[in-house]
Structure formats: structure tokens, C-alpha cells
Amino acid sequence: MASKLPARSFRAVSSSVRPRSTCLRASNLSTAVSQRRVLSTESSLESTQANETAKPRWSYTPPGAKAPFRLRYNPNRPEFPVNEDPAVLDQFYIRFLGNGGDKLLSEEIKWLAVTHKSFDQGRRGFNDRLAFLGKRIVQLQASLALVQDAGNFARKVPEDPHGRQPFTHPALDGLNNLSSNTKGFLTSKIKLSELAQKYDLQKVVRWCPRMPNDLRASGIDVVLAHTMYAIIGAIALEKGGLVANKVAQERILAPLGLKSTIS
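Just so we're aligned: 339 in this note's numbering is position 199 of the sequence shown, and the numbers increase by one with no gaps anywhere.
Shown next, in the form of C-alpha cells:
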């Protein structure tokens with residue numbers, strides 16, 4: 141029994157040591173392979189990022205936002221063309237803002253203001269927040285114009301059956317014009333869309349219609365009105381409220397028949 145104990149202990153120790161060395165070799169090998177993969181991935185990412193930093197942000201989709209395959213693919217759906225030429229966009233801003241209008245906004249904001257959230261799944265940015273700010277500015281200027289122009293939009297007040305005369309003042313004559321129906325009719329999406337088409341906004345707006353063969357049913361009126369608001373919001377963001385108010389008065393409200401003298 142005394143001679144067999146060392147042999148058994150030796151076999152137990154040797155059997156427990158051998159798999160350990162094998163596991164260590166396997167783990168070292170897997171670590172080395174993973175390090176090579178990490179290094180190769182980092183180098184490829186660095187090269188991709190270096191190539192994309194030379195391109196403007198509006199002109200490409202971020203690689204991290206791309207899926208390996210399309211979840212919804214319809215081969216029968218026609219591709220809707222959108223403008224990618226900066227010169228065409230500059231010509232629109234000149235038509236809309238006048239001479240030098242293409243220099244009023246920065247390059248990135250000019251493209252962001254005309255990009256709807258349906259374009260490229262919103263992966264290049266979209267103009268919702270700009271439109272929210274711009275709509276508040278246009279609606280405020282429309283209210284001020286209605287208050288000032290009491291004659292053209294005044295409604296006939298019914299006569300009092302008891303012959304009473306209400307208090308009147310020239311500064312209060314336009315308050316009756318401040319109704320949601322009047323302001324909504326003058327700044328409706330249909331009227332804004334028609335005005336936008338006069339500026340050829342439909343040639344530069346970037347969006348993806350649900351039915352490329354039927355833009356009206358896809359909501360082009362809403363998209364164009366939304367983009368008009370977004371341009372005003374972009375001007376307010378970069379040039380301030382005074383410039384945005386002036387553009388809203390002269391380029392949007394005045395063609396719609398609303399004239400305001402308040403800056």
C-alpha cells in the first residue's frame with residue numbers, strides 16, 4: 141500500500157496538469173486571433189472614417205446607421221430622384237431669398253432645411269425642429285399683419301338691437317381678424333404649397349413619397365409647407381429673429397396678401 145500511494149498521487153497530479161496546459165495554449169491562441177481581428181477592424185474603420193471626413197455630412201449615410209440588408213424591399217417601386225447638386229440648391233435660395241440668398245445660411249443647414257424625415261429613413265438628419273420654430277415665427281407675423289390690416293379682413297359686426305354703440309379705437313379695429321379660421325385660411329398648407337411651387341421648392345426638397353407616381357396623395361402639400369417653415373427656422377437659428385421676421389413678412393406673407401410693418 142505504501143508503494144502504490146505515490147504512483148496514484150503522481151497519476152492524479154499529471155492528469156490534472158495536462159488539460160490545464162492545453163487550455164492555456166488554446167486561450168492564448170484565441171486571444172491572439174481576437175487581437176488581430178480587433179486591429180484589422182480598427183484599421184478598416186479608421187480608413188473608412190478618413191475617407192468620409194472629406195465628404196460633407198449631407199451627402200452620405202453614416203455607416204453605423206446602415207443595416208446589412210433591407211427589411212422592406214419592393215423591386216417594383218420606382219426610385220424617386222432627389223437633388224444632389226449644390227448649384228441647384230443655391231439657385232433656389234436665390235429665388236426665395238433674393239440676391240445673396242445662397243450665402244445667408246451655412247452649407248449644412250441649407251441642406252438640412254430642405255430634408256424631410258422620410259428621406260433616407262432620417263439617417264442624414266431632417267428638418268422637424270427647424271419647421272417647429274419657423275412655424276411659430278410665421279404664425280406670429282401673420283397675427284400681427286391681421287391686426288394691422290383691419291380693413292381688408294374686417295368682418296361686419298351685427299347691429300345691437302338696443303342701439304348701443306361699443307367702444308371703438310383705431311388700435312383695436314383689427315382684433316376681430318384674429319380668428320383661427322382667418323389665419324388658418326390665409327396660411328393653410330395648400331396656399332403655402334402653391335407659393336413654394338412658385339419658388340420651385342419641389343425641385344430641391346429631399347423626401348421619399350409613399351407613392352412616387354402620385355405626389356399629391358403622398359402629401360406633397362404638407363411636405364412643401366413644412367419645408368417653408370423649416371427655412372424660416374434655419375434663418376432664425378443662424379441669423380436671428382429680426383432677419384427671420386423680415387423674410388417671413390416679405391417672402392411668405394406678402395405674396396399671400398398679408399402685409400406687416402412691424403419688424
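We put the beta carbon where it would ideally sit given N, CA and C, even for glycine.
Everything numeric in this text was worked out from a predicted model, so none of it was measured.
- In terms of Cα proximity to Leu335, the closest of Val228, Arg235 and Glu224 is Arg235.
- As DSSP reads the structure, Thr255 sits in a beta bridge with Arg346.
- Here DSSP, grouped into helix, strand and coil, assigns Phe236 to helix.
- Contact between the stretch 266-274 and the stretch 367-378 is present: 3 or more CB-CB pairs across the two stretches fall below 8 Å.
- Membership of Arg391 in any alpha helix (DSSP H) is not indicated, and neither H nor E is assigned to it by DSSP.
- A residue is called buried when at least 16 other Cβ atoms come within 10 angstroms of its Cβ; Tyr339 meets this threshold and is buried.
- According to the DSSP assignment, Met368 belongs to the alpha helix (DSSP H) that extends over Ile360 to Lys379.
- In the three-state reduction of the DSSP assignment, Lys243 falls in the helix class.
- For Gly274, the enclosing alpha helix (DSSP H) covers residues Asp268 to Gln288.
- Cβ contact annotation for Phe220 (same chain, cutoff 7 Å, sequence separation greater than five): Cys348, Pro349 and Pro352, in chain order.
- Here Asn385 carries a helix assignment [DSSP, helix/strand/coil].
- The shortest C-alpha to C-alpha distance from Gly397 to any of Asp300, Leu341, Phe307 and Ala285 is the one to Ala285.
- Minimum Cα-Cα distance from Lys386 among the listed residues Leu237, Glu247 and Ala207 corresponds to Leu237.
- Burial check for Phe266: the Cβ neighbour count within 10 Å reaches 16 or more, so the residue is buried.
- Assigned with DSSP and collapsed to three states, Ala207 falls in coil, not helix or strand.
- Here DSSP, grouped into helix, strand and coil, assigns Ala194 to coil.
- For Glu247 and Ser358, the gap between their C-alpha atoms comes out near 28 Å.
- Taken through DSSP and simplified to helix, strand or coil, Arg356 comes out as helix.
- Annotation: Leu326 to Asn317 spans about 11 Å, alpha carbon to alpha carbon.
- Ranked by Cα distance from His309, the options Gln288, Pro301, Gly324 and Lys329 are led by Gln288.
- Under the three-state reduction of DSSP output, Leu335 falls in the helix class.
- Going by C-alpha positions, Lys379 is about 28 Å away from Asp260.
- By the criterion of a C-beta distance shorter than 7 Å, Gly241 is surrounded in its chain by Tyr233 and Ile234, once the five residues flanking it on both sides are discounted.
- Straight across, the Cα-Cα distance linking Lys329 with Asn223 is about 23 Å.
- By alpha-carbon distance to Ala365, the top candidate from Leu270, Thr322 and Lys195 is Leu270.
- Assigned with DSSP and collapsed to three states, Lys329 falls in helix.
- At a Cβ-Cβ threshold of 8 Å, Ala394 and Ala384 do not count as neighbours.
- The Cβ atoms of Val344 and Leu252 lie no closer than 8 Å to each other.
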